[in-house]
Amino acid sequence: MPLAEATSEQTDGYHLVVDALALNDIRTIYGVVGIPITDLARIAQASGMRYIGFRHESDAGHAAAAAGFLTKKPGICLTVSAPGFLNGLVALANATTNCFPMIQISGSSERHIVDLKRGDYEELDQLAAAERFAKAAYRVDRVEDIGRGIARAIRTAVSGRPGGVYLDIPAAVLGEVVDAEAGGASLRRVIDPAPRQLPAPEAVDRAIALLADAQRPLVVFGKGAAYAQADEQIREFIDTTGLPFLPMSMAKGLLPDDHPQSAAAARSLALRRADVVMLVGARLNWLLGHGEPPQFNPETTFIQVDIEPAELDSNQHIAAPLVGDIGSVMGALVERIGPGRITAPAAWRLDLAARAARNVATMAQRLDADPSPMQFHGALRAVRDVLREHRNVYVVNEGANTLDIARNVIDMHVPRHRLDSGTWGVMGIGMGYAIAAAVESGAPVVAIEGDSAFGFSGMELETICRYRLPVVVLVLNNGGVYRGDGVNTASADPSPTTLMRRAHHDRLIEAFGGTGYQATTPAELTAALTDALASGGPALVDCVIDPRDGTESGHLTHLNPTGVGHR
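Residue numbers for the sequence shown follow the working numbering, so the first one is 5 and each next one is one higher.
Here you go:
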């Protein structure tokens, strides 16, 4: 299809979509082109907008979601109809679950044929399919409603609790030609799409009273606290009160991991013994054991900061709900605390420090061991040591053992520089998140991948190389799902968890013009990662790990049911 051109007298749906996005400061689109949205991508590029083309819609969607997390603006994912839409829907659902603002815009087939089920090209009622998995779903049926539809999608995606929004634009609407002046007048710039929501003063005082009386207080930061970009207010609250804090994985770096009040190295003790827990942008879902024993003290009193009132009391009774945006809530707390009103008792701080010291010493022994073949801890120690000299690097992390160990080994010092599998524990986010971090920031990215997790999005190495992005991929290759020593006793087929043990992932990136390395020792990994970061270009390090190293299901073994004769 030739590139449509708007004239001074006429325009069309394609141009109006691009103009509406630009009017709302959207500068990047992630997607996969095809019928009927190819011209939309071309027109976006011609207008000065950046279009990043992927090899699979799911990866483009994950990139858009990560862009939303990093920027607080909705990331845009563009897909074709039916199968392409469905591929993107996985990422849209994941964005909604993780509370990332994202808009999936998909072309669709002719409504009058789809609605009568007459068998159109890629026929599917996409709006109905999307509604269950997104924060909201809309369809634009008239070209004059494109501006309204995009404005609705933007405000919905970022207001209140952020999430994924689906916007369906049929092919006929994209191609419809209208008067240019009337089309331009129909566009809307969204004013204050995520307005501040201030907490009630009495709610703030209630929370302060509980913290002031606590003997073992603890603050838990979730990724919502990182998303809020309320860094100064959070830092002032922690510094003013002296309270110990525990960051969830994507909140790492909100305050430096080596901060003296961090309880990360004493996580289990901190959660189990705390008598008052203040949740800031964190949910009492499965990642925090639903707030239940044995992970928590059964007598724990909870304070929760959340912009969504329905989240409160979803698992445990919330004694002090603080409903509002995190910046406003934390600012109000600091303003009303008063000097010395809240402190962390010395005995509690000493208990946490003693347990942290023991755990750090135990971890140091595992990290300092140098078995051959290389194991996860030795490999990640090498990565940690290199990244200490590159604190501006964005870290993307997924896998089972790779994720579980890396988040405990690699410290973060800058907010929103760690992205991982998140609330759903989804595998396959790696390359999409890495590409978005590089595109949105221009900074170097290190994606630390298990070999199984990498396989979900590995073809996006071509995307990384095509756009010459500063992404270094580390594949911790133990030749298996969880581990590579599985055995099939019934036939010559590989076991369900066995991958190719002699795979050379480094050669994949070389096929696309990037630089490949293979490392079999921590020293080789140190040299390869150092060189790759210095080059500033696309690179992949195949890190050969002992196939016997790894735990079935990683840290989630308790979620993997066992029946008769399992394993």
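A virtual CB, placed ideally from N, CA and C, is assigned to each residue, including glycine.
As assigned by DSSP and simplified to three states, the class of proline 313: Here the question's residue 313 lines up with position 309 in the sequence shown. Residue state, collapsed to three classes: helix.
For phenylalanine 241, list the residues DSSP reports as bridge partners. Position 237 of the sequence shown, counting from 1, holds the residue named residue 241. BP columns for phenylalanine 241 are empty, so no partner.
In angstroms with no decimal places, state the Cα-to-Cα distance between glycine 436 and valine 223. Along the sequence shown, read from residue 1 onward, the residue named residue 436 stands at position 432. Along the sequence shown, read from residue 1 onward, the residue named residue 223 stands at position 219. Looking at the two C-alpha atoms, the distance is approximately 31 Å.
From the DSSP output, in three-state form, read off isoleucine 212 for me. By 1-based counting over the sequence shown, the position of residue 212 is 208. If DSSP states are grouped into helix, strand and coil, isoleucine 212 belongs with the helices.
Confirm, please, whether the CB-CB distance from aspartate 129 to valine 118 is below 8 Å. Mapped onto the sequence shown, residue 118 falls at position 114. Mapped onto the sequence shown, residue 129 falls at position 125. Yes.
So, using beta-carbon positions, are glycine 168 and alanine 67 closer together than 8 Å? Counting from one through the sequence shown, the residue named residue 168 turns up at place 164. Counting from one through the sequence shown, the residue named residue 67 turns up at place 63. Not closer than 8 Å, so no.
Three or more C-beta pairs closer than 8 Å, one from the segment 241-260 and one from the segment 316-327: is that the case here? no
Buried or exposed by the 16-neighbour rule on C-beta atoms within 10 Å, applied to glutamate 402: Here residue 402 corresponds to residue number 398 of the sequence shown, with the count starting at 1. Buried is the call here.
Compute the Euclidean distance between the alpha carbons of alanine 8 and valine 284, then round it to the nearest angstrom. On the sequence shown, position 4 is the one that residue 8 refers to. On the sequence shown, position 280 is the one that residue 284 refers to. Its pLDDT being 47, under 50, alanine 8 is placed unreliably by the model, and nothing is read from it.
Kindly list the residues whose CB is nearer than 8 Å to the CB of histidine 417, restricted to its own chain and excluding five residues on each side of it in sequence; keep chain order. Along the sequence shown, one-based indexing puts residue 417 at 413. Excluding positions up to five away in sequence, the list reads Gly257, Pro260, Asp261, Asp262 and Arg395.
DSSP beta-bridge partners for glutamate 452? Start at 1 with the first residue of the sequence shown, and residue 452 comes out as number 448. It is isoleucine, not glutamate, that sits at residue 452 in the sequence shown. Paired residues: Asn401 and Leu478.
I'd like the list of long-range same chain contacts for methionine 5, defined as Cβ closer than 7 Å, with 5 residues on each side in sequence excluded. In the sequence shown, the residue the question calls residue 5 occupies position 1. Model confidence at methionine 5 stands at a pLDDT of 33, short of 50, so the residue's coordinates are unreliable; what they give is reported in the following sentence. If we look at methionine 5 and ignore the five residues flanking it on each side, its Cβ neighbours are Thr42 and Asp43.
Please classify alanine 8: does DSSP put it in a helix, a strand, or coil? Indexing the sequence shown from 1 puts residue 8 at position 4. Its pLDDT being 47, under 50, alanine 8 is placed unreliably in this model, and the value from its coordinates should be taken loosely. Note: alanine 8 maps to coil in three-state DSSP.
Segment limits, beta strand (DSSP E) that includes proline 221: Counted from its first residue, the sequence shown places residue 221 at position 217. It spans 221-225 - the beta strand (DSSP E) in which proline 221 sits, taken as one unbroken run.
From what residue to what residue does the alpha helix (DSSP H) around phenylalanine 73 run? Mapped onto the sequence shown, residue 73 falls at position 69. Segment 61-75, the alpha helix (DSSP H) holding phenylalanine 73.
If you follow the beta strand (DSSP E) that alanine 155 is part of, which residue opens it and which one closes it? Start at 1 with the first residue of the sequence shown, and residue 155 comes out as number 151. No beta strand (DSSP E) contains alanine 155, which is instead part of the alpha helix (DSSP H) from 150-162.
Unbroken stretches of the alpha helix (DSSP H), 4 residues or longer, contained in the segment 260-319: 271-277
Which of helix, strand or coil DSSP assigns to alanine 133: Taking the sequence shown and counting its residues from 1, one reaches residue 133 at position 129. Correct three-state label for alanine 133: helix.
Compare the Cα-Cα distances from threonine 347 to each of Tyr170, Thr245, Thr534 and Val475 and report the closest residue. Counting from 1 along the sequence shown, the entry for residue 347 is found at position 343. For threonine 347, the nearest C-alpha among the options comes from Thr245.
Which of the three DSSP states, helix, strand or coil, is assigned to isoleucine 195? Within the sequence shown, the letter at position 191 stands for residue 195. Note: isoleucine 195 maps to coil in three-state DSSP.
Those residues which DSSP pairs with phenylalanine 249 across a bridge: Taking the sequence shown and counting its residues from 1, the one referred to as residue 249 is at position 245. DSSP, once it has assigned bridges, lists Val223 and Ser266 as partnering phenylalanine 249.
Euclidean distance between Cα positions of isoleucine 307 and leucine 288: For the purposes of this step, residue 307 is identified with residue 303 of the sequence shown, where counting begins at 1. For the purposes of this step, residue 288 is identified with residue 284 of the sequence shown, where counting begins at 1. Near 11 Å, if we compare the C-alpha coordinates of leucine 288 and isoleucine 307.
Using only the alpha-carbon positions, how far apart do aspartate 209 and arginine 340 sit? Residue mapping note: residue 209 aligns to position 205 of the sequence shown, counting from 1. Residue mapping note: residue 340 aligns to position 336 of the sequence shown, counting from 1. Using only the alpha carbons, I get a separation of about 7 Å.
Just to confirm, are valine 147 and glutamate 185 a CB contact at a threshold of 8 Å? Taking the sequence shown and counting its residues from 1, the one referred to as residue 147 is at position 143. Taking the sequence shown and counting its residues from 1, the one referred to as residue 185 is at position 181. In this structure, glutamate 185 does not lie closer than 8 Å to valine 147 by Cβ.
When the Cα atoms are used, what is the spatial distance from valine 609 to aspartate 455? Summary: the structure shown does not reach residue 609, with the chain confined to residues 5 through 571, and so no result is reported for it.
Going by the C-beta, is glycine 426 closer than 7 Å to any heavy atom of the ligand HEM? Looking at this structure, you won't find the ligand HEM or any other ligand, since it has none at all.
Fully enclosed by the segment 468-540, which beta strand (DSSP E) runs are 3 residues long or longer? 475-481 and 519-523
For glycine 342, is the classification buried or exposed, using 16 other Cβ atoms within 10 angstroms of its Cβ as the cut-off for buried? For the purposes of this step, residue 342 is taken as the residue at position 338 of the sequence shown. Classification of glycine 342: exposed, given that the 10 Å Cβ count is below 16.
Applying the criterion that 16 or more other CB atoms from any shown protein chain within 10 Å of the CB defines a buried residue, is serine 266 buried or exposed? On the sequence shown, position 262 is the one that residue 266 refers to. So serine 266 counts as buried.
If glycine 38 and glycine 88 are in contact, beta carbons under 8 Å, what's the gap, nearest whole angstrom? Taking the sequence shown and counting its residues from 1, the one referred to as residue 38 is at position 34. Taking the sequence shown and counting its residues from 1, the one referred to as residue 88 is at position 84. 6 Å between Cβ atoms; contact.
Going straight from the alpha carbon of serine 101 to that of glycine 35, what length do you get? Translated into the one-based positions of the sequence shown, residue 101 becomes position 97. Translated into the one-based positions of the sequence shown, residue 35 becomes position 31. The sequence shown places threonine at residue 101, not serine. Each residue's Cα considered, the two are about 21 Å apart.
What residue does the beta strand (DSSP E) around glycine 57 start on, and which one ends it? Indexing the sequence shown from 1 puts residue 57 at position 53. Run containing glycine 57: 54-57, per the beta strand (DSSP E) assignment.
DSSP three-state assignment for proline 325, whether helix, strand or coil: One-based indexing of the sequence shown puts residue 325 at position 321. Of the three classes helix, strand and coil, the one that applies to proline 325 here is strand, per DSSP.
Given this structure, state the Cα-to-Cα distance separating alanine 69 from tyrosine 142, to the nearest angstrom. One-based indexing of the sequence shown puts residue 69 at position 65. One-based indexing of the sequence shown puts residue 142 at position 138. Cα to Cα, alanine 69 sits roughly 18 Å from tyrosine 142.
Got a sec, what are the start and stop residues for the alpha helix (DSSP H) glutamine 369 sits in? By one-based count along the sequence shown, residue 369 stands at place 365. 350-372 is the span of the alpha helix (DSSP H), which, as asked, contains glutamine 369.
Do phenylalanine 300 and arginine 276 have their C-beta atoms within less than 8 Å of each other? The residue given as residue 300 occupies position 296 in the sequence shown. The residue given as residue 276 occupies position 272 in the sequence shown. Closer than 8 Å, so yes.
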